[in-house]
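Residue numbers (my numbering): 3 to 236.
Okay, here's the thing in structure tokens:
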């Protein structure tokens, strides 16, 4: 039976730390003559690449309750590496495997939550920390019609993206979201037929309007006959 392999130089410090010039030369001289240590360098470098590929968003959510199996497998690998003689380099590689496993689960959580079916949302302005640069938000209710509009206007190159949440409009109305310019210009950003469900729960729409972001003054909702239900300044 072969003896457990022990590395002869500190590869973790060489690859991920700040070795002195003398230490670096010593390690490189050793690698030139040691195939096993060269394999370990390749393994650690590959692990670093895998960790670098994990998106930061994957760390926002923890694993779901039924996601223990993958982590348990990774932890068993760590325990296996811990048995007998081993180096701190293999410890690092095994521990990094756990991080990759956890991150992979996190990605699954994000994808699952993003693609899961949900009811039509009634959008509110996102937190300031995640608002797009230059985006403007406004909300208002028309006392006469009872309609409410919450809108976000995000500037693009010579046009704007519009997200509108509308409640309080009767079923059967053919409506449109209109972006109004400071110069009186009007651009339709989207339109829809109000369903019974939308009349009760509201509707959320994404659209765009060909208008200079600096010229935007307000957003309104009206029907195709020109009756205005609600308008907000932005």
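Where is the CB? At the ideal position from N, CA and C, for every residue including glycine.
Task: Bounding residues of the beta strand (DSSP E) (the contiguous stretch that carries residue 152) - done: Here residue 152 is taken as the residue at index 150 of the chain shown, counted from 1. In the DSSP assignment, residue 152 falls within the unbroken beta strand (DSSP E) covering 150-157.
Open item on the list: According to DSSP, simplified to helix, strand and coil, what is residue 28?
Closed with: Walking along the chain shown from the start, residue 28 turns up at place 26. Residue state, collapsed to three classes: helix.
Open item on the list: Check whether the segment 159-175 and the segment 205-225 are in contact - that is, three or more C-beta pairs closer than 8 Å.
Closed with: In this structure the segment 159-175 lies against the segment 205-225, because at least three pairs of beta carbons, one per stretch, are closer than 8 Å.
TODO: In the DSSP assignment, find the unbroken beta strand (DSSP E) run with residue 219 in it and report its ends.
DONE: Residue mapping note: residue 219 aligns to position 217 of the chain shown, counting from 1. Per DSSP, residue 219 belongs to the beta strand (DSSP E) from 218-225.
TODO: With a threshold of 16 other CB atoms inside 10 Å of the CB of residue 224, please say whether the residue is buried or exposed.
DONE: Sequence index remark: in the chain shown, residue 224 carries index 222 (1-based). Flag for residue 224 reads buried.
Task: Beta-carbon gap between residue 170 and residue 191 smaller than 8 Å - done: Taking the first residue of the chain shown as 1, we reach residue 170 at position 168. Taking the first residue of the chain shown as 1, we reach residue 191 at position 189. Going by C-beta atoms, residue 170 is not nearer than 8 Å to residue 191.
TODO: Could you name the residues that DSSP lists as bridge partners for residue 169?
DONE: On the chain shown, residue 169 is found 167 positions in, with the first residue counted as 1. Beta-bridge pairing links residue 169 to 150.
Task: Through-space distance from residue 215 to residue 40, alpha-carbon basis - done: The residue you call residue 40 lines up with position 38 of the chain shown. The residue you call residue 215 lines up with position 213 of the chain shown. Cα to Cα, the separation comes out at about 57 Å.
- [ ] Quick one: residues in its chain with C-beta nearer than 7 Å to the C-beta of residue 175, no 5 flanking neighbours on either side, listed in chain order?
- [x] Mapped onto the chain shown, residue 175 falls at position 173. Hits under 7 Å: 196 and 225.
Task: Endpoints, alpha helix (DSSP H) assigned at residue 235 - done: Counted from its first residue, the chain shown places residue 235 at position 233. It is not in any alpha helix (DSSP H) - residue 235 instead sits in the beta strand (DSSP E) that spans 230-235.
Task: Other residues of its chain near residue 137: CB distance less than 8 Å, five sequence neighbours each side excluded - done: The residue you call residue 137 lines up with position 135 of the chain shown. Taken in chain order, the residues that qualify are 154, 155, 156 and 157.
TODO: In angstroms with no decimal places, state the Cα-to-Cα distance between residue 124 and residue 199.
DONE: Sequence index remark: in the chain shown, residue 124 carries index 122 (1-based). Sequence index remark: in the chain shown, residue 199 carries index 197 (1-based). Confidence at residue 124 is low in this model, with a pLDDT of 46, below 50, so the placement of that residue should be treated as unreliable; the coordinate-derived value is given next. Here the alpha carbons of residue 199 and residue 124 stand approximately 13 Å from one another.
Task: Local conformation of residue 187 per DSSP, three classes - done: Working through the chain shown from its first residue, we reach residue 187 at position 185. Residue 187: coil per DSSP, three-state reduction.
Open item on the list: So, with DSSP's three-state summary, where would you put residue 208?
Closed with: Sequence index remark: in the chain shown, residue 208 carries index 206 (1-based). Residue 208: strand per DSSP, three-state reduction.
- [ ] Enumerate in chain order the residues of its own chain whose CB-to-CB distance from residue 217 is below 8 Å, with the five nearest sequence positions on each side excluded.
- [x] Along the chain shown, one-based indexing puts residue 217 at 215. 183, 184, 185 and 187, listed in sequence order.
TODO: Please report how far the alpha carbon of residue 219 lies from the alpha carbon of residue 181, in whole angstroms.
DONE: In the chain shown, counting from the first residue as 1, residue 219 sits at position 217. In the chain shown, counting from the first residue as 1, residue 181 sits at position 179. Each residue's CA atom was taken as its position, placing residue 219 and residue 181 some 8 Å apart.
Task: Opening and closing residue of the beta strand (DSSP E) in which residue 200 lies - done: On the chain shown, position 198 is the one that residue 200 refers to. Looking at the DSSP string, residue 200 is not in any beta strand (DSSP E); the run it does join, the alpha helix (DSSP H), is 198-203.
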